[in-house]
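This note's numbering applies: residue 21 is where the sequence shown begins, and numbers increase by one.
In this text, a Cβ means the ideal position worked out from N, Cα and C, and glycines have one as well.
Source: prediction; values computed, not measured.
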Amino acid sequence: MDRSRCDAEGASPYHDSWGSLEGFMKVDPKSFFRRLWRWHPRVLDDTPNPFRATPPSDTSTLTDSVSYLPGIVYAEAVTRCNQRCTMCGKAYAPEPPEELGYMELAVYRALLEIVRKGTHLSLFGRGETLMHPDFPEMLRLAKKAGAAISFNTNAMTLNDRNARAMVDYGQDVLVISMHGATKETYERIHVWGSHDRLVENIDRLNRIKRARGAELPVLYLQFVAMQSNIAELPDLVSFAAAHEIRGVTVTHVVPHGERMRIEESLRQPEAAARAAEIFEAARRQAARCGVELTLPDPGLPPPPLPGLDLCIEPWQTFYVKFTGEVTTCCISNRVFGDLRKERALDIWNGPVYRKFRERMRSSRKPSECRRCHFLPQNVQFDDALRNPEIFTEAL
Numbered sequence: 021m022d023r024s025r026c027d028a029e030g031a032s033p034y035h036d037s038w039g040s041l042e043g044f045m046k047v048d049p050k051s052f053f054r055r056l057w058r059w060h061p062r063v064l065d066d067t068p069n070p071f072r073a074t075p076p077s078d079t080s081t082l083t084d085s086v087s088y089l090p091g092i093v094y095a096e097a098v099t100r101c102n103q104r105c106t107m108c109g110k111a112y113a114p115e116p117p118e119e120l121g122y123m124e125l126a127v128y129r130a131l132l133e134i135v136r137k138g139t140h141l142s143l144f145g146r147g148e149t150l151m152h153p154d155f156p157e158m159l160r161l162a163k164k165a166g167a168a169i170s171f172n173t174n175a176m177t178l179n180d181r182n183a184r185a186m187v188d189y190g191q192d193v194l195v196i197s198m199h200g201a202t203k204e205t206y207e208r209i210h211v212w213g214s215h216d217r218l219v220e221n222i223d224r225l226n227r228i229k230r231a232r233g234a235e236l237p238v239l240y241l242q243f244v245a246m247q248s249n250i251a252e253l254p255d256l257v258s259f260a261a262a263h264e265i266r267g268v269t270v271t272h273v274v275p276h277g278e279r280m281r282i283e284e285s286l287r288q289p290e291a292a293a294r295a296a297e298i299f300e301a302a303r304r305q306a307a308r309c310g311v312e313l314t315l316p317d318p319g320l321p322p323p324p325l326p327g328l329d330l331c332i333e334p335w336q337t338f339y340v341k342f343t344g345e346v347t348t349c350c351i352s353n354r355v356f357g358d359l360r361k362e363r364a365l366d367i368w369n370g371p372v373y374r375k376f377r378e379r380m381r382s383s384r385k386p387s388e389c390r391r392c393h394f395l396p397q398n399v400q401f402d403d404a405l406r407n408p409e410i411f412t413e414a415l
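This is the structure:
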């Protein structure tokens with residue numbers, strides 16, 4: 021492998037985040053997307069752009085009704101997955117058959133009503149996006165609408181067809197989940213995964229990009245830091261450099277079971293020093309390799325920031341489940357509307373969204389939000405979120 025990018029010391033973008041990528045997005049989503057797509061000026065040009073209308077960090081200006089479209093739209097393309105990663109919630113709780121499926125193109129076309137030039141559209145939900153049989157067509161339609169496209173993948177089905185679609189239609193960003201640099205660690209964590217296939221598929225995509233003279237999609241790795249894999253983080257940075265991957269984003273594990281609480285102990289004071297040492301080694305390697313690196317705080321998250329006692333997802337995000345039901349984020353299963361019966365534009369400023377925003381601005385937050393592990397003070401998954409009754413509580 022060509023490791024020339026790591027031969028000399030050099031400046032490399034490095035970012036601290038408090039706890040998780042999602043946490044950073046909640047604090048300042050506009051800065052997040054400007055950083056992620058600063059290399060891609062057409063997303064943030066002078067044309068009308070939903071990002072410019074997303075709510076500011078001054079939450080006192082937020083209202084229940086909004087005059088703009090969501091800056092972030094999730095299309096839950098697939099809820100099935102071809103891996104069972106050890107830290108994923110899918111490995112801990114069986115999902116009922118009705119929760120497993122693929123989004124129909126009719127539902128997908130309906131959600132595109134709310135997409136505009138520069139809207140961030142993620143074809144990611146609770147499954148492996150590239151398993152969708154109509155993935156190339158979904159990508160084509162999204163780019164035709166002007167969306168900036170990104171999603172996470174384990175890349176096991178990053179085959180020739182899907183790779184060519186990404187390059188031909190200009191997918192913006194592809195984030196590849198990789199939680200171990202060595203074959204042994206990778207395949208222990210990515211149950212049913214193949215390290216050899218992962219490398220083969222990444223290299224194929226890069227060959228197609230070079231053959232087309234294409235810069236897109238820009239590749240990132242996402243690494244969930246745990247006791248059992250954190251030592252491999254500097255080597256993962258080297259892997260990124262060797263495989264034409266622009267950056268690595270590190271997040272802490274969210275425990276879904278007792279075994280994962282042991283892994284999560286990385287964030288406890290007695291382990292934080294080790295984490296900080298490895299993070300520093302990864303920083304140095306990123307500087308040598310010219311790889312962007314985003315790291316969480318090595319220890320427990322800080323207390324909530326002053327003035328940010330709420331989540332701004334209801335003001336910026338439109339999450340469509342594979343069935344067509346709409347909610348506001350990947351945690352809530354509350355039904356805000358149904359694209360099989362209603363228009364996306366009507367749901368976005370409909371009664372449920374408005375009431376949910378009102379509750380979020382109050383001291384009496386919606387029940388699921390009080391338990392959400394993306395809040396800075398929460399560091400583990402609350403099993404109460406598996407109870408569907410939480411999401412039917414009257415607003």
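So, using beta-carbon positions, are F155 and A126 closer together than 8 Å?
No. Outside cutoff.
* C-alpha gap between G370 and T99, whole angstroms -> Roughly 26 Å between the two C-alpha positions.
What is the DSSP secondary structure of Q247, counted as helix, strand or coil? Note: Q247 maps to coil in three-state DSSP.
Exercise. Determine the extent of the alpha helix (DSSP H) in which H215 is found, giving its start and end residues.
Key: That run of the alpha helix (DSSP H) goes 215 to 232.
### Task
Give the range of the alpha helix (DSSP H) segment to which L253 is assigned.
Per DSSP, L253 belongs to the alpha helix (DSSP H) from 253 to 262.
- [ ] Provide the residue(s) that pair with D358 in DSSP beta bridges, ordered along the chain.
- [x] D358 is bridged to E345.
**Item:** Test item: CB-CB of Q9 and T269 under 8 Å
**Value:** This structure does not reach residue 9, given that the chain is present from 21 up to 415, and the question cannot be answered.
Buried or exposed, going by whether 16 or more other CB atoms sit within 10 Å of the CB of I169?
Classification for I169: buried.
Check: Does DSSP put N102 in a helix, in a strand, or in coil?
Finding: In the structure shown, the three-state DSSP call for N102 is coil.
### Task
Identify the continuous beta strand (DSSP E) that holds D194 and give its terminal residues.
The sequence given here has Leu at residue 194, not Asp. For L194, the enclosing beta strand (DSSP E) covers residues 193 to 197.
Option in K137, G357, R384, I196 with minimal Cα separation from N174: Out of K137, G357, R384, I196, I196 has the C-alpha closest to the C-alpha of N174.
Just list the residues that DSSP pairs N172 with in beta bridges. Beta-bridge pairing by DSSP links N172 to V195.
- Item | Proximity to V219 [Cα-Cα], best of R391, A262, E235, L253 | With distances taken between CA atoms, V219 lies nearest to A262 out of R391, A262, E235, L253.
Next item on the list: Go ahead and pull the three-state DSSP assignment for R55.
Entry: Its pLDDT being 41, under 50, R55 is placed unreliably by the model, and the measurement read from it follows with that caveat. Under the three-state reduction of DSSP output, R55 falls in the helix class.
Report task. Could you work out which residue in S142, P254, M198 is closest to G310 when comparing CA atoms only? Result -> The candidate whose alpha carbon is nearest that of G310 is P254.
| field | Cβ shell of A97 (< 6 Å), same chain only, five flanking positions each side left out | value | Correct list, in chain order: M123, L143, T149, H152.
Q. Which residue from E378, N221, M198, E409 puts its Cα closest to that of V355?
A. Among E378, N221, M198, E409, the Cα nearest to that of V355 belongs to E409.
Just curious, the beta strand (DSSP E) that A167 is in, first and last residue?
No beta strand (DSSP E) contains A167, which DSSP labels as neither H nor E.
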